[in-house]
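Read through the structure below, which is laid out as structure tokens, and then see the notes.
Protein chains in written order, with our numbering: chain W, 26 to 183; chain D, 26 to 183; chain L, 26 to 183.
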């Protein structure tokens, strides 16, 4: 029997939405789906390394790099910022309830062979370079996304 | 012939997005789809009862309970808040055009046997208890979602 | 062989999300999918003509018309507004990288026979008239959406 397929576009750069994406992805992989997360626009931030990587960039690319969160742990919430209290609150309750934080969900995804893809077109737009992103991810465009999604069972845009 | 299936994840706590979810869901049920709405994160607020329910909670759970809207009617808009004018404007034009408000769309969904599911993992995170949510809903996690979605025709993340 | 189908609901009125929708749609059409973009709520703004169209409207409809962006080029970003700097920055980097701006992506979509649909129910709510929207689009409701989506391969809510 052919494997079921889950293909998620992660467009959002919000911590909570990325968590939802990775929880569904890890769940689907546990149920033996072939899973891809295609990171585009602000969703690319989930794949950024948290250290500062020196890369030669133009002015606007430097601005984007400065303004965007460096890695999953630094991402904000889609709701309830309350002067930054929101993300801290969520992380506190997550710790209290032994929920898995986003950086570990991403590690789990890599261990479960979930295909993590960075959208090259938006990397280019936002001035992100391969060295700034996590190791062992793939680089592709909309054609590769469609090839995965068109035979998919669960297709989501998050 | 097997029934078609529509499975919606309602992640958003915005009035307008929840309206879209429930309009699609009610439409799909009218066309004889088997429909599930899986409420997670801020989408759980659509299922809150509007009265205050006394529940023993920790400090952070109380904070969340206070900050989050109590029930569908209290939810804000994803766009055009304008100091709270937006939701009132939308509700006014809805009344004028005889559009069905969200709380009634949820009632219709229950009458049409749409399966309303509350995500237990995020209930736990946000400190929401079963007594605070509407009657006649189901409680489940990502595994149940995937079981519904993997054979689905229309799968959406809202 | 039957054509594959991509059906996208564009709910969002954000420039970046609309770009994502139209890039996926144009990609899918290039791979010979039958593609529909169903514009609802704030997504309708992508279909507005950029000139001012004189239409008799009630007070609230005039307010909405004033507050909502007139056409794709005027839409804001979902993230990184920074006092309006965000959209300008994105458009500057897009120009620099020869990326196709949203209004041209919409033209491409029409040339590729992508079906652009305006949701009549939300047009009514927001007080938008057919003369205010682009030519050669279709007008329909949730039933038409479901008819397209239920046999679809890629169904997204953006």
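Heads up, the beta-carbon is just placed ideally off N, CA and C, and yes, glycines get one too.
Beta-carbon contacts of residue i that lie in its chain and below 7 angstroms, excluding the five residues immediately before and after
{"i": "residue 50 of chain W", "result": "31, 33, 60, 62, 134 and 139"}
{"i": "residue 47 of chain D", "result": "127, 130, 131 and 134"}
{"i": "residue 184 of chain W", "result": "For chain W, the structure presents residues 26 to 183; residue 184 of chain W sits outside this window and is missing."}
{"i": "residue 102 of chain D", "result": "39, 40, 41, 111, 112 and 115"}
{"i": "residue 154 of chain L", "result": "80"}
{"i": "residue 73 of chain L", "result": "95, 96, 157 and 158"}
{"i": "residue 123 of chain D", "result": "none"}
{"i": "residue 89 of chain W", "result": "151 and 152"}
{"i": "residue 160 of chain L", "result": "none"}
Continuous beta strand (DSSP E) stretch holding residue i: start and end
{"i": "residue 141 of chain W", "result": "140 to 144"}
{"i": "residue 164 of chain W", "result": "163 to 165"}
DSSP beta-bridge partners of residue i
{"i": "residue 184 of chain W", "result": "Any question about residue 184 of chain W goes unanswered here, given that chain W covers just 26 to 183."}
{"i": "residue 170 of chain L", "result": "Beta-bridge pairing links residue 170 of chain L to no other residue."}
{"i": "residue 61 of chain L", "result": "L:32 and L:140"}
{"i": "residue 158 of chain D", "result": "D:73"}
Reference residue i, options the options, closest by Cα
{"i": "residue 149 of chain L", "options": "L:121, L:161, L:69 and L:141", "result": "L:69"}
{"i": "residue 114 of chain W", "options": "D:98, D:84 and D:101", "result": "D:84"}
{"i": "residue 95 of chain D", "options": "D:179, D:163 and D:158", "result": "D:158"}
{"i": "residue 182 of chain W", "options": "L:28, L:27, L:35 and L:29", "result": "L:35"}
{"i": "residue 162 of chain L", "options": "L:144, L:168, L:171 and L:172", "result": "L:144"}
{"i": "residue 39 of chain W", "options": "W:121, W:93 and W:160", "result": "W:93"}
Beta-carbon spacing of residue i, residue j below 8 angstroms
{"i": "residue 64 of chain W", "j": "residue 142 of chain W", "result": "yes"}
{"i": "residue 6 of chain W", "j": "residue 146 of chain W", "result": "Because chain W is modelled from 26 through 183, residue 6 of chain W falls outside the range shown and cannot be assessed."}
{"i": "residue 179 of chain L", "j": "residue 174 of chain W", "result": "yes"}
{"i": "residue 152 of chain W", "j": "residue 91 of chain W", "result": "no"}
{"i": "residue 100 of chain L", "j": "residue 45 of chain L", "result": "no"}
{"i": "residue 75 of chain D", "j": "residue 98 of chain D", "result": "yes"}
{"i": "residue 58 of chain D", "j": "residue 28 of chain D", "result": "yes"}
Beta-carbon contacts of residue i that lie in its chain and below 8 angstroms, excluding the five residues immediately before and after
{"i": "residue 137 of chain L", "result": "51, 54, 55 and 60"}
{"i": "residue 121 of chain W", "result": "none"}
Span of the alpha helix (DSSP H), counted from its first residue to its last, around residue i
{"i": "residue 97 of chain W", "result": "Run containing residue 97 of chain W: none; DSSP gives neither H nor E here."}
{"i": "residue 39 of chain L", "result": "Looking at the DSSP string, residue 39 of chain L is not in any alpha helix (DSSP H), and its letter there is neither H nor E."}
{"i": "residue 89 of chain W", "result": "84 to 92"}
Proximal residues to residue i (C-beta, below 6 angstroms), its chain only, five neighbours per side dropped
{"i": "residue 66 of chain L", "result": "36 and 147"}
{"i": "residue 156 of chain D", "result": "78"}
{"i": "residue 164 of chain L", "result": "143 and 145"}
{"i": "residue 169 of chain D", "result": "none"}
{"i": "residue 172 of chain D", "result": "none"}
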